[in-house]
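Each number in the numbering used here comes from the position in the sequence shown (counting from 1) with 1 added on.
Quick reminder that beta carbons are idealized off the backbone N, C-alpha and C, glycines included.
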Amino acid sequence: MAGYPQILIEHFRESQRQIQTCIVWSIGASLSWLLLALSSGKPGEGTSPVPIPGSFVGAERDVALIIAFTVYWAVGAMATYAAQNAIRIVAELGKEPDAEGLLAALGTYPSVGNERYPGVRVIAAVLPFLLFLAGAIVLWVKTPAQGEWWPGLIAFGLIPPGTLLMLIRNRITQYKPNQPAVTPENEKLRTGRK
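In structure tokens:
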């Protein structure tokens, strides 16, 4: 049976994979949002069905916009959750006797969260929002009379990438918690005591 640190390391790797997968999906969804916004017609006008990526069905452009926004927001929120999980794991591994070497080794795992160049982490977190923002501006220009709800939509769309940016602004393996939360369950698993 694998020991507690080995389980945490595997969970850390999975969290890193999830962050990257979610960022790619978020970029794809926000790019779809932008391309749908650039397509002809104003929101609310009947259009021919737009094929939905990953399926064989089509939807009206407005429905496709809603689907693209939902995927953008949901996978951005999942990336944030995965980053928070990776940070919790780093905090737990920081309590191990050989924590410095363990965290240095984890820092070599190739991922956006561990990227040593901060610009790559910033671009990965912000690019989906910039694509989403460009699409929102295009839609707002097409329907200025209905523009009172666009600022709220833009603010709501900023939540996942903004939170993710705050979490991965530093390399995840260099996270230093002020006071890591120690739960009785984690302490039992770490020490092997009942």
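Rounding to the nearest angstrom, what Cα-Cα distance links residue i and residue j in this structure?
i, j, result
"C23", "R172", "18 Å"
"L159", "F130", "6 Å"
"I68", "G102", "44 Å"
"I10", "I90", "8 Å"
"T196", "E61", "The chain is shown from 2 up to 195; residue 196 falls before or after that span and cannot be answered."
"L36", "W26", "15 Å"
"S40", "A135", "13 Å"
"K143", "A137", "10 Å"
"M79", "D99", "31 Å"
"P152", "Q85", "27 Å"
"Q21", "E15", "10 Å"
"I28", "H12", "24 Å"
With 16 as the cutoff for other CB atoms within 10 Å, does residue i come out buried or exposed?
i, result
"E93", "buried"
"T113", "A quick correction: the sequence has Val, not Thr, at residue 113. V113 is buried by the Cβ-count criterion."
"F157", "exposed"
"W34", "buried"
"V58", "exposed"
"V121", "exposed"
"I8", "exposed"
"L66", "buried"
"S119", "First, the amino acid is wrong: residue 119 is Pro here, not Ser. P119 is exposed by the Cβ-count criterion."
"V76", "buried"
"V51", "buried"
"L168", "buried"
"Q17", "buried"
List the whole-angstrom C-beta distance separating residue i from residue j, where the pair is believed to meet the contact cut-off of C-beta under 8 Å.
i, j, result
"Y73", "F133", "6 Å"
"L107", "G95", "Not confirmed; about 11 Å, so no contact."
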